[in-house]
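Report on the structure given below.
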Amino acid sequence: MRLHIFAQTFRQNWSGIMLNVAKLKEVFPTDTFDVDTVLYQQGDESGDGFIIQQGQVELTSLVDGQETMVATFYANEVFGIYKTLFDSDGRRFTATVKEKSIITRIPEQFLTDRISASDSFIIHCFRQWPNLEKQIRN
Numbered sequence: 002m003r004l005h006i007f008a009q010t011f012r013q014n015w016s017g018i019m020l021n022v023a024k025l026k027e028v029f030p031t032d033t034f035d036v037d038t039v040l041y042q043q044g045d046e047s048g049d050g051f052i053i054q055q056g057q058v059e060l061t062s063l064v065d066g067q068e069t070m071v072a073t074f075y076a077n078e079v080f081g082i083y084k085t086l087f088d089s090d091g092r093r094f095t096a097t098v099k100e101k102s103i104i105t106r107i108p109e110q111f112l113t114d115r116i117s118a119s120d121s122f123i124i125h126c127f128r129q130w131p132n133l134e135k136q137i138r139n
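Under my numbering, the first residue of the sequence shown is numbered 2, with each subsequent residue one higher.
Structure follows, in structure tokens:
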């Protein structure tokens with residue numbers, strides 16, 4: 002099992018750079034976002050992930066015309082990887098900045114490459130999670 006996948010050397014375009022979550026802001030774009038900035042909307046096809054360096058982001062979901070708050074993320078937390086991790090067609094949530102935030106954007110291609118480099122059994126297990134969630138709710 003590859004438990005240390007995040008400590009391995011990047012391949013392809015990122016070869017030679019060691020993945021260290023604390024240093025990702027030096028490798029990938031980091032920007033400041035004002036309150037109420039929408040980073041992505043429910044249904045979007047983009048699959049970039051995000052790490053909050055400072056600030057707060059809220060995820061909401063629109064179901065039957067009702068907006069529901071799903072989760073709140075703070076400094077040093079990762080969000081936005083669900084679509085890529087579970088290979089879904091679109092974003093399940095809308096991500097909105099709730100206080101001025103500094104956020105690092107992790108490109109979808111990087112996430113896809115890291116997932117592809119993982120053990121196929123681990124990928125299979127992760128991708129079964131959405132089905133398990135549905136079974137638990139019903």
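Glycine included, each C-beta is placed from N, C-alpha and C at the ideal position.
> Under the three-state reduction of DSSP, which class applies to Gln110: helix, strand or coil?
Replying inline: Start at 1 with the first residue of the sequence shown, and residue 110 comes out as number 109. It is helical.
> Regarding Met70 and the ligand MN, is the C-beta to nearest heavy atom distance less than 8 Å?
Replying inline: Annotation note on the ligand MN: not contained in the displayed structure, which lists no ligands.
> Rounded to the nearest angstrom, how far is the Cβ of Glu59 from that of Thr85, given a contact under 8 Å?
Replying inline: For this step, residue 59 is matched to residue 58 along the sequence shown. For this step, residue 85 is matched to residue 84 along the sequence shown. At roughly 20 Å, the Cβ-Cβ gap does not stay under 8 Å, so Glu59 and Thr85 are not in contact.
>> Can you tell me whether Glu100 is helix, strand or coil according to DSSP?
In response: As a working note, residue 100 is residue 99 in the sequence shown. In this structure, Glu100 counts as strand in the three-state DSSP scheme.
>> Tell me which residue opens and which closes the beta strand (DSSP E) that Thr31 is part of.
In response: For the purposes of this step, residue 31 is identified with residue 30 of the sequence shown, where counting begins at 1. Boundaries of the beta strand (DSSP E) harbouring Thr31: Thr31 to Phe34, taken from the DSSP string.
> From Thr38, Asp114 and Asp32, pick the residue whose C-alpha is nearest to that of Glu100; which is it?
Replying inline: Along the sequence shown, one-based indexing puts residue 100 at 99. When each option's Cα is compared against that of Glu100, the closest is Thr38.
> Is Gly48 closer than 9 Å to Ala76 when the C-beta atoms are compared?
Replying inline: Reading the sequence shown from its first residue, position 75 is the one you call residue 76. Reading the sequence shown from its first residue, position 47 is the one you call residue 48. No, the Cβ-Cβ distance between Ala76 and Gly48 is not below 9 Å.
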